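Scroll down for the structure; my scribbles are underneath it.
Residue numbers (the working numbering), protein chains in the order written: chain A, 7 to 141; chain B, 17 to 575.
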């Protein structure tokens with residue numbers, strides 16, 4: 007039977023980047039769409055993000071990064087999720103991620119990457135369409 | 017006819033026009049929207065007339081350039097005497113790479129430097145700290161010790177070029193390194209000119225790159241103000257910044273009001289230290305964004321100057337007119353740049369830069385067209401610099417002072433912005449000041465709400481962004497991008513570890529211990545930090561000592 011609980015989603019800012027305008031807007035749009043949003047603030051290490059995802063039992067993780075450090079931080083986050091056996095969580099990302107890096111990021115298991123100029127309802131719809139089924 | 021009679025006459029004529037000429041046009045050619053509003057949500061009228069400026073008193077409200085209330089500019093000759101400083105914010109990779117970029121820009125006609133540091137530097141971590149992994153040299157240049165600063169400024173005469181440093185939490189350490197390089201070059205300290213951003217208040221709610229909690233952070237800000245008042249007469253110890261407030265999501269009015277309030281708090285903090293207002297106020301500088309609504313931005317800069325002059329005179333009883341000057345640096349707005357159709361950003365930046373010049377700035381950074389995608393390439397930054405040079409030398413905009421004074425629209429907007437900013441200032445005063453407002457999350461909430469509103473308006477196409485929600489092409493032109501080689505991190509870490517092996521570590525330890533003692537004793541830390549950097553103690557080591565004594569800031573999250 008499908009669970010009736012709200013979609014739980016963690017919006018996270020990995021690394022030292024402090025540009026949180028986009029992350030907060032997306033968090034608010036997802037909340038307004040009826041999801042349970044957990045936003046833990048700036049400067050989260052990959053370990054902290056994965057730990058929060060585990061503790062909060064989220065369905066989805068949204069990563070926001072504009073600093074260029076995604077090439078180091080995203081692989082680390084995805085590896086930790088694997089180690090903790092959390093591969094059923096859906097992960098998407100947003101921020102300034104060069105076009106040429108996207109295939110590599112998707113290969114890590116990141117489902118989608120949203121660049122600048124994305125409408126918030128595009129992201130909301132994407133989450134609804136790709137929510138992992140709970141066992 | 018008296019002025020009052022003239023205004024009445026105009027009012028009658030306007031009413032007649034609205035009954036006779038206008039309705040026919042409205043029928044055949046109705047207006048594009050029911051109402052027009054600017055970013056600050058001010059209702060924009062169809063047309064402005066002398067009615068809208070009827071309470072204006074020329075000498076009281078405008079006066080002459082270089083005289084109170086400085087609405088028309090802080091200098092009597094403005095750009096007819098000297099053009100604004102063209103100062104491009106730059107930094108990436110190693111100190112050596114950024115040094116080459118600086119020399120390139122100076123060769124191309126830039127007139128001042130502006131250093132962009134990487135995230136580890138900004139947050140007070142050494143390049144080999146675990147938090148620095150993947151961030152070294154990526155968003156700016158890595159400066160972990162005096163050694164890096166020496167390379168960064170190699171061949172740049174510090175008595176001739178002024179430098180602005182976007183640095184806040186560790187401002188004291190980076191300023192100390194700059195001074196130490198000046199000492200090595202043999203430049204007398206009174207000749208060293210530049211700016212440290214050193215504005216911690218806005219960090220707590222806008223840029224959010226904090227290290228220490230608010231109280232010790234403000235203590236360090238004041239240490240620098242005090243030190244500069246006595247030892248570095250040409251240094252601007254603080255750049256009171258609205259730019260980050262705006263980029264985080266505020267509108268023009270909020271940017272104006274909160275920046276001025278940030279200035280008020282900085283002055284109060286220095287006065288509490290026992291400084292005399294006229295001993296430091298003339299060295300306070302400001303930093304604003306120039307967003308895309310041309311007239312709103314021009315009005316904001318003019319209102320800012322007048323409001324600050326009044327506050328310095330009436331609230332803080334400054335006597336020296338220079339204490340009432342609001343000198344400003346302006347950067348065109350990063351958040352108006354689009355990743356789509358990036359060449360269009362050249363046009364956006366041109367309009368924003370023009371607003372800055374028509375608004376009377378002292379210094380300007382123009383964004384590069386590729387900056388919604390990456391740090392600027394050499395070509396992109398050259399176009400950005402050329403934009404300023406074209407405005408300066410070809411457009412005629414710099415040939416007379418404050419050319420839009422007397423425009424009914426611009427004067428009306430200037431008055432509106434000043435009045436409404438005063439209401440915000442009163443509100444924050446009533447709340448108990450800036451720190452209380454931060455602790456209550458007031459600024460954070462205002463920012464979050466404005467940013468969300470802006471996004472909704474864009475999503476709903478109430479706000480048109482060319483290439484994003486209108487005139488989209490689908491196939492985007494790709495442009496060359498600057499990528500920082502991941503090897504930079506390896507090289508930087510290796511260099512830092514070599515430094516730690518080769519320096520006199522006994523001397524470093526002694527200095528750090530002395531620093532610890534001085535921090536606990538609450539004395540002005542600038543002199544001892546200068547001594548410490550000269551032993552090649554690293555930024556992370558020095559900040560580490562302060563972290564131990566002061567603790568670390570914890571973000572108040574407001575969505």
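Note that CB positions come from ideal geometry on N, CA and C, so glycine has one too.
Just so we're clear, the structure is a prediction, and the values are computed from it rather than from any experiment.
Could you name the residues of chain A that residue 354 of chain B contacts, counting a contact when the two beta carbons are closer than 9 Å? 122 and 123
Residue closest to residue 478 of chain B, alpha-carbon to alpha-carbon, out of B/22, B/53 and B/24: B/53
Using the three-state DSSP reduction, which class does residue 7 of chain A fall into: helix, strand or coil? Because the pLDDT of residue 7 of chain A is 46, which lies under 50, any placement of that residue in the model is unreliable, and the number read from its coordinates should be weighed accordingly. Looking at residue 7 of chain A - three-state DSSP - the assignment turns out to be coil, as it is neither helix nor strand.
Let me see if you follow: with CB-CB separation under 9 Å, is residue 471 of chain B close to chain A or not? yes
Residue from B/30, B/535, B/35 and B/467 whose Cα sits closest to the Cα of residue 264 of chain B: B/467
Under the assumption that residue 55 of chain A contacts residue 20 of chain A (Cβ atoms under 8 Å), give the Cβ distance between them as a whole number of angstroms. 6 Å
Endpoints, alpha helix (DSSP H) assigned at residue 425 of chain B: Looking at the DSSP string, the run of the alpha helix (DSSP H) that includes residue 425 of chain B is 424-447.
Check the C-beta distance from residue 497 of chain B over to residue 390 of chain B and give it rounded, since I have them as a contact under 8 Å. Yes, residue 497 of chain B and residue 390 of chain B are in contact; Cβ-Cβ is about 5 Å, under 8 Å.
Which of helix, strand or coil DSSP assigns to residue 355 of chain B: For residue 355 of chain B, the secondary structure class from DSSP, reduced to helix, strand or coil, is coil.
Please name the residues in the segment 122-145 of chain B whose beta-carbon is closer than 7 Å to at least one beta-carbon of chain A, in chain order. 135, 136 and 139
Looking at the structure shown, is residue 18 of chain A part of a helix, part of a strand, or coil, going by DSSP? strand
With DSSP collapsed to three states, give me the class of residue 140 of chain A. coil
Please work out which residues of its chain come closer than 7 Å, Cβ to Cβ, to residue 374 of chain B, disregarding the five sequence neighbours upstream and downstream, and give them in chain order. 314, 413, 419 and 420
To the nearest whole angstrom, what separates the beta carbons of residue 153 of chain B and residue 109 of chain B, a pair I think is in contact under 8 Å? 4 Å
Starting from the C-beta of residue 96 of chain A, find all residues in its chain whose C-beta is less than 6 Å away, skip the five residues before and the five after it, and write them out in chain order. 66, 117, 136 and 138
Quick check: the segment 174-183 of chain B against the segment 206-222 of chain B, are at least 3 beta-carbon pairs closer than 8 Å? yes
Can you tell me which of the three DSSP states residue 252 of chain B falls into? strand
Buried or exposed: where does residue 134 of chain A fall if 16 or more other Cβ atoms within 10 Å of its Cβ makes it buried? exposed
Which residues, in chain order, does the segment 173-193 of chain B contribute to contact with chain A at a C-beta distance below 7 Å? none
Residues bridged to residue 67 of chain A (per DSSP): A/16 and A/97
Comparing alpha-carbon positions, which option in A/22, A/18, A/124 and A/10 lies nearest residue 70 of chain A? A/18
With a threshold of 8 Å, are at least 3 pairs of Cβ atoms found where one atom belongs to the segment 546-561 of chain B and the other to the segment 528-537 of chain B? Yes, the segment 546-561 of chain B touches the segment 528-537 of chain B.
Ends of the alpha helix (DSSP H) at residue 118 of chain B? 111-123 is the span of the alpha helix (DSSP H), which, as asked, contains residue 118 of chain B.
For residue 61 of chain A: DSSP bridge partner residues: In the DSSP output, where bridge partners are listed per residue, residue 61 of chain A has none listed.
Beta-carbon of residue 102 of chain A versus every beta-carbon of chain B: anything under 9 Å? yes
Those residues which DSSP pairs with residue 486 of chain B across a bridge: B/482
Between residue 79 of chain A and residue 90 of chain B, what straight-line distance do the alpha-carbon atoms span, to the nearest angstrom? 47 Å
At least 3 beta-carbon pairs within less than 8 Å: the segment 448-456 of chain B vs the segment 117-128 of chain B: no
Alpha carbon to alpha carbon, how far is residue 301 of chain B from residue 292 of chain B? Give it in angstroms, no decimals. 17 Å
Quick one: list the residues of chain A neighbouring residue 157 of chain B, beta-carbon separation under 8 Å, in chain order. Ordered by position in chain A, no residue passes the 8 Å Cβ test against residue 157 of chain B, which lies about 14 Å from the chain.
Quick one: is residue 223 of chain B near chain A, going by C-beta distance under 9 Å? Residue 223 of chain B counts as touching chain A.
Does the beta carbon of residue 31 of chain A sit closer than 9 Å to a beta carbon anywhere in chain B? yes
Is residue 263 of chain B close to chain A, meaning its C-beta is less than 9 Å from at least one C-beta of that chain? Judged by the 9 Å Cβ criterion, residue 263 of chain B is in contact with chain A.
Cβ-Cβ separation, residue 195 of chain B to residue 546 of chain B (assumed contact under 8 Å), whole Å: 6 Å
Looking at the C-beta of residue 64 of chain A, does it have a partner C-beta in chain B at a distance below 9 Å? no
C-alpha distance - residue 342 of chain B paired with residue 123 of chain B, whole-angstrom precision: 30 Å
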